[in-house]
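In the numbering used here, the protein residues as written are 31 to 508. All residues carry an ideal CB built from backbone N, CA and C; glycine is no exception. Working notes for the structure below.
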Amino acid sequence: MAEAPKFETEVLIIGSGPAGSTASALLSSYGIQNVVVTKYNWLANTPRAHITNQRAMEVFRDLGIEEEVIEKGVAQEYMGNNVFCESIAGEELGRLHSWGTHPLRKADYDLASPTEMCDIPQTLLEPILVGAGARKGSKYRFDTEYLSHVQDEKGVTATVKDRLSGEEYRIRAKYMLGADGGNSRVAQDLELPYEGSMGVGGSMNIVCRMDLSKYVEHRPSVLYWVLQPGSDVGGIGMGLVRMVRPWNEWLIVWGYDINEGAPEVNDAMCTDIVHKLVGDDTIPVEILSAGTWTVNHCYATTIGKGRVFCLGDAIHRHPPSNGLGSNTSLQDSFNIAWKLALVLKGQAAPSLLDSYQAERAPVAKQIVDRANKSITEFGPIFESLGLTDTNDPEQMKANMAKRKENNPTAEQQREDLRKSILFKSYEFNCHGVEMNQRYTSNAIVSDGAPEPDSRRDKELYFQATTWPGARLPHCWLG
Numbered sequence: 031m032a033e034a035p036k037f038e039t040e041v042l043i044i045g046s047g048p049a050g051s052t053a054s055a056l057l058s059s060y061g062i063q064n065v066v067v068t069k070y071n072w073l074a075n076t077p078r079a080h081i082t083n084q085r086a087m088e089v090f091r092d093l094g095i096e097e098e099v100i101e102k103g104v105a106q107e108y109m110g111n112n113v114f115c116e117s118i119a120g121e122e123l124g125r126l127h128s129w130g131t132h133p134l135r136k137a138d139y140d141l142a143s144p145t146e147m148c149d150i151p152q153t154l155l156e157p158i159l160v161g162a163g164a165r166k167g168s169k170y171r172f173d174t175e176y177l178s179h180v181q182d183e184k185g186v187t188a189t190v191k192d193r194l195s196g197e198e199y200r201i202r203a204k205y206m207l208g209a210d211g212g213n214s215r216v217a218q219d220l221e222l223p224y225e226g227s228m229g230v231g232g233s234m235n236i237v238c239r240m241d242l243s244k245y246v247e248h249r250p251s252v253l254y255w256v257l258q259p260g261s262d263v264g265g266i267g268m269g270l271v272r273m274v275r276p277w278n279e280w281l282i283v284w285g286y287d288i289n290e291g292a293p294e295v296n297d298a299m300c301t302d303i304v305h306k307l308v309g310d311d312t313i314p315v316e317i318l319s320a321g322t323w324t325v326n327h328c329y330a331t332t333i334g335k336g337r338v339f340c341l342g343d344a345i346h347r348h349p350p351s352n353g354l355g356s357n358t359s360l361q362d363s364f365n366i367a368w369k370l371a372l373v374l375k376g377q378a379a380p381s382l383l384d385s386y387q388a389e390r391a392p393v394a395k396q397i398v399d400r401a402n403k404s405i406t407e408f409g410p411i412f413e414s415l416g417l418t419d420t421n422d423p424e425q426m427k428a429n430m431a432k433r434k435e436n437n438p439t440a441e442q443q444r445e446d447l448r449k450s451i452l453f454k455s456y457e458f459n460c461h462g463v464e465m466n467q468r469y470t471s472n473a474i475v476s477d478g479a480p481e482p483d484s485r486r487d488k489e490l491y492f493q494a495t496t497w498p499g500a501r502l503p504h505c506w507l508g
């Protein structure tokens, strides 16, 4: 006879990241009992996700935590520019007004939503989400590892392991959500089909403390892109210096050749990389953490089976380009949570849950493709600077310097550089990618009208519409 479950709940959530903690808080706000289990002893220990778009902020508004997120984040107006430079202390190549901070784009963002974007590192966001869930009734079990599950007509029985005591026990739930990240064990157990590839590139993250205020306070930004020919195995050395907290906590992103395997990362290596990108080796640097990761281009074509649904990085695995990771994960959570609530309350048939697949699977493909495409769109910048014309680092530097000359060729090079930086709006001003999702499913009641065409570029610009399946347009009342 099978061992009886240790306890029962309506929804069991595997994983406490942005997807899992948001789903939990939303379910509790709808009065649905839920338990979150995570194999880790606490929440995010590195500030991975950070760009938080308007749609995510609207979810936080619903949860009553918008003000707390704004208080602990960096406001949209200070996210400012994407800066392209030879080093933080060195020569600047150009800037791009980003995330609606350009006067020509600000109205687009203001008209789209009552909320504003912000930058909040995952280390600060997850505790806010878990706190909101706990206040509403969510239960959390840390150091608890998901092992397996079985389904039947009435529910799901999951086997988990207490990593402190070693005890294995069962949890019974009516539904289960797999929000356990890019190596999702739940998705593996469901044998979800994926398209694309894992490990198409290699990168490392270095989190450090250093005071860069004298170099950046006058030109606030979240992202500083550093081009240093010859400083990596690919010839074109490009690193990222990302602000975590202004202006003394930073996350450095640096690539490695994935064909040669991940390097052994140590403090000396990290400090050397940091000093090269900053361009000032007298700056004191405290390395807080470092690790390697791979660039993925992979999405699930089926995102749930039976009474188990996956969400977040479990179903869309991609680089951080466009800031789509946690934002898309939050929207997965929002989509499935209200549907589960209606079904569990007997206010909708279980067939409503089929719409999760129809609505969110296409989004998974869209954002994976967009994020990976954004990586390739640095190419025109390299070309405009003459970095693709030679493999010789010294010649690359000479080609870059030609833009400063006073002649027609240099003038054309400067114009090409301006255009190529502006083209990165498809990553850094992608308002339509963030807000233009339109659904077709059994949950949508059509009015018979065809889907309206986009009047402007559908990736760059959000188009408000009352077409059934689109996000309801924002309008202030009173």
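Under DSSP, the beta-bridge partners assigned to M268 are L257. With respect to the 8 Å criterion, S227 and H327 are classified as neighbours on the basis of their beta carbons. A straight line joining the alpha-carbon of Y170 with that of Q218 spans about 23 Å. Around the beta carbon of Q442, a 10 Å sphere encloses fewer than 16 other beta carbons of the protein chains shown; the residue is thus reported as exposed. As the crow flies, the alpha-carbon of M87 is around 37 Å from that of P293. When DSSP reads this structure, D192 sits in a beta bridge with T174. Cβ-Cβ separation between S404 and Y456: approximately 7 Å, consistent with a contact (criterion under 8 Å). At a Cβ-Cβ threshold of 8 Å, M273 and V256 do not count as neighbours. Within the region 327-398, the complete alpha helix (DSSP H) runs of at least 4 residues fall at 355-374. Contact between the region 137-147 and the region 468-480 is not established, with fewer than three Cβ pairs separated by less than 8 Å. For C505, no pairing in a beta bridge is given by DSSP. By the 16-neighbour rule on beta-carbons within 10 angstroms, D140 is exposed. With a 10 Å radius around the Cβ and a threshold of 16 neighbouring Cβ atoms, V180 comes out exposed.
Judged by DSSP in its simplified three-state form, M147 adopts coil rather than helix or strand.
E156 sits close to S51, with the two beta carbons spaced by under 8 Å. Put simply, of N235, W129 and D138 the residue whose alpha carbon is nearest the alpha carbon of G110 is W129. Exposed is the label assigned to T406, since fewer than 16 other Cβ atoms lie within 10 Å of its Cβ.
Between G231 and I288, the C-beta gap is smaller than 8 Å, which places the two residues in contact.
Note that the region 385-393 does not touch the region 93-112; fewer than 3 beta-carbon pairs, one per stretch, sit closer than 8 Å. Counting other Cβ atoms within 10 Å of its Cβ, P259 reaches 16 or more and is therefore classed as buried.
Annotated as proximal: N235 and A320, with beta-carbon spacing under 8 Å. S351 and A401 do touch by the CB rule: their CB atoms are close to 4 Å apart, below 8 Å.
In the three-state scheme derived from DSSP, where H, G and I count as helix and E and B as strand, T82 is classed as strand.
With respect to L372, L382 sits close: the two C-beta atoms are nearer than 8 Å. Straight through space, the alpha carbons of G61 and A164 are spaced by roughly 12 Å. Look at N112 here: in three-state DSSP terms it is strand. Between the alpha carbons of A473 and D182 lies a gap of roughly 25 Å. For the 8 Å CB-CB criterion, I118 and V295 do not form a contact.
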